[in-house]
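A.B. asks: Quick note on numbering: the sequence shown equals residues 26 to 196 in my numbering.
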Amino acid sequence: MKSLILLTFFLVSLTFSSLAQEKTNAAPKTDETLLRVETQDGKYYELRTADFAKLPRREVKSKTHEGAETSFSGVDLREVLKLAGVKFGEEGKKTTLISYLIVEAADNYRVVFAMSELEPNFTDKTILLADLRDGKTLSKDEGKLRLVVPDEKKLARAVRQVVRLKVQTIK
Ligand SMILES: Nc1nc2c(c(=O)[nH]1)N[C@H]1C(S)=C(S)[C@@H](COP(=O)(O)O)O[C@H]1N2
Ligand SMILES: [Mo]
Numbered sequence: 026m027k028s029l030i031l032l033t034f035f036l037v038s039l040t041f042s043s044l045a046q047e048k049t050n051a052a053p054k055t056d057e058t059l060l061r062v063e064t065q066d067g068k069y070y071e072l073r074t075a076d077f078a079k080l081p082r083r084e085v086k087s088k089t090h091e092g093a094e095t096s097f098s099g100v101d102l103r104e105v106l107k108l109a110g111v112k113f114g115e116e117g118k119k120t121t122l123i124s125y126l127i128v129e130a131a132d133n134y135r136v137v138f139a140m141s142e143l144e145p146n147f148t149d150k151t152i153l154l155a156d157l158r159d160g161k162t163l164s165k166d167e168g169k170l171r172l173v174v175p176d177e178k179k180l181a182r183a184v185r186q187v188v189r190l191k192v193q194t195i196k
C-alpha cells in the first residue's frame with residue numbers, strides 16, 4: 026500500500042514537472058525581445074514580439090541595393106519610440122530639435138537620425154521598422170527587423186539587424 030502511494034506520488038509529480046517544462050519551452054515566442062530603446066534619462070524599454078504585433082502596420086515600397094522594387098511592411102519607427110516615452114508634435118516641442126536617434130545593429134553598425142527627420146510637423150516621410158519583405162520574413166542577414174528609409178540616394182541608413190535605439194538630447 027505504502028509503495029502504491031509512493032508510486033502514485035512519483036507519477037503525479039512527473040506529470041506536473043513535464044507540464045511545467047512544456048510551459049517554459051513554449052513561452053519565449055511572444056516574450057522574445059526584438060529591440061531595446063534607451064532614452065536620455067537612463068531608462069530603457071524592451072520591445073517584445075507581442076508589443077510589436079499590437080502596433081499599426083504600414084507598407085512601404087523601396088528599391089533594394091540591386092535595384093529591384095520591393096514592398097516592405099512593418100511598423101512606423103515613431104510608434105516604437107512612442108512606446109518608450111519619446112514625445113513628438115506639440116508634446117515634443119522642447120526636445121525634438123535638439124535630439125537625435127542612434128540606430129544600432131547586431132553587427133555594431135550604427136547610424137544617426139536627427140529627431141526632426143521623424144517629426145510629423147517637419148516631414149510626411151515614414152521610416153519603417155520592417156519585419157516583412159514582399160510578405161515574407163526577412164533573411165537571416167537582414168535580421169528580425171530592418172529600417173527602410175524613403176528617398177535616400179544611398180541605402181546606408183537602411184540598417185539591417187536592428188537591436189537597439191538610443192535617443193539623446195544635446196545640452
Ligand atoms: N547592420 C547593418 N546594416 C546595414 C549595413 C551594415 O553593414 N550592417 N550596411 C548598409 C549599407 S552601406 C547598405 S548599401 C545597405 C545594403 O542593404 P542590403 O544588404 O539589404 O542590400 O545596408 C545598410 N545596412
Ligand atoms: Mo552601402
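All C-beta atoms in this analysis are idealised placements derived from N, C-alpha and C, irrespective of residue type, glycine included. Computed from a predicted model, the values in this text were never measured in an experiment.
Measure the alpha-carbon distance for residue 123 versus residue 138 and round it to whole angstroms.
C.D. replies: About 12 Å.
A.B. asks: Which two residues bound the contiguous alpha helix (DSSP H) that contains residue 106?
C.D. replies: Counting along the chain, the alpha helix (DSSP H) containing residue 106 begins and ends at 102-108.
A.B. asks: When DSSP labels each residue in this structure, what does residue 117 get in the three-state scheme?
C.D. replies: Residue state, collapsed to three classes: helix.
A.B. asks: Using a Cβ-Cβ cut-off of 8 Å (strictly less than) and excluding sequence neighbours within five positions of residue 49, which residues of its own chain qualify?
C.D. replies: Because the pLDDT at residue 49 is just 48, under 50, the model does not fix this residue reliably, and the point stays unresolved.
A.B. asks: At what residue ranges does the segment 127-174 contain a whole run of the beta strand (DSSP E), taking only runs of 3 or more?
C.D. replies: Fully enclosed beta strand (DSSP E) runs of 3 or longer: 135-139, 153-158, 171-173.
A.B. asks: Does residue 94 pass the burial test, meaning 16 or more other C-beta atoms within 10 Å, or should it be called exposed?
C.D. replies: So residue 94 counts as exposed.
A.B. asks: Output needed for residue 166: all residues of its chain with C-beta closer than 7 Å, excluding positions within five of it in sequence on either side, in chain order.
C.D. replies: Hits under 7 Å: 185.
A.B. asks: What's the gap between the Cα of residue 196 and the Cα of residue 161?
C.D. replies: Taking the straight line joining both Cα atoms gives about 43 Å.
A.B. asks: What residues in its chain sit with their C-beta under 8 Å from that of residue 2, if we drop five residues either side in the sequence?
C.D. replies: Residue 2 lies beyond the residue range present for the chain, which begins at 26 and ends at 196; the question has no answer from this structure.
A.B. asks: Please report the distance separating the alpha-carbon of residue 84 from that of residue 98.
C.D. replies: About 4 Å.
A.B. asks: Report the residue from 65, 171, 126, 80 whose alpha carbon sits nearest the alpha carbon of residue 96.
C.D. replies: Comparing Cα positions, the closest option is 171.
A.B. asks: Going by DSSP in three states, residue 68 sits in which element: helix, strand or coil?
C.D. replies: Three-state DSSP puts residue 68 in coil, outside helix and strand.
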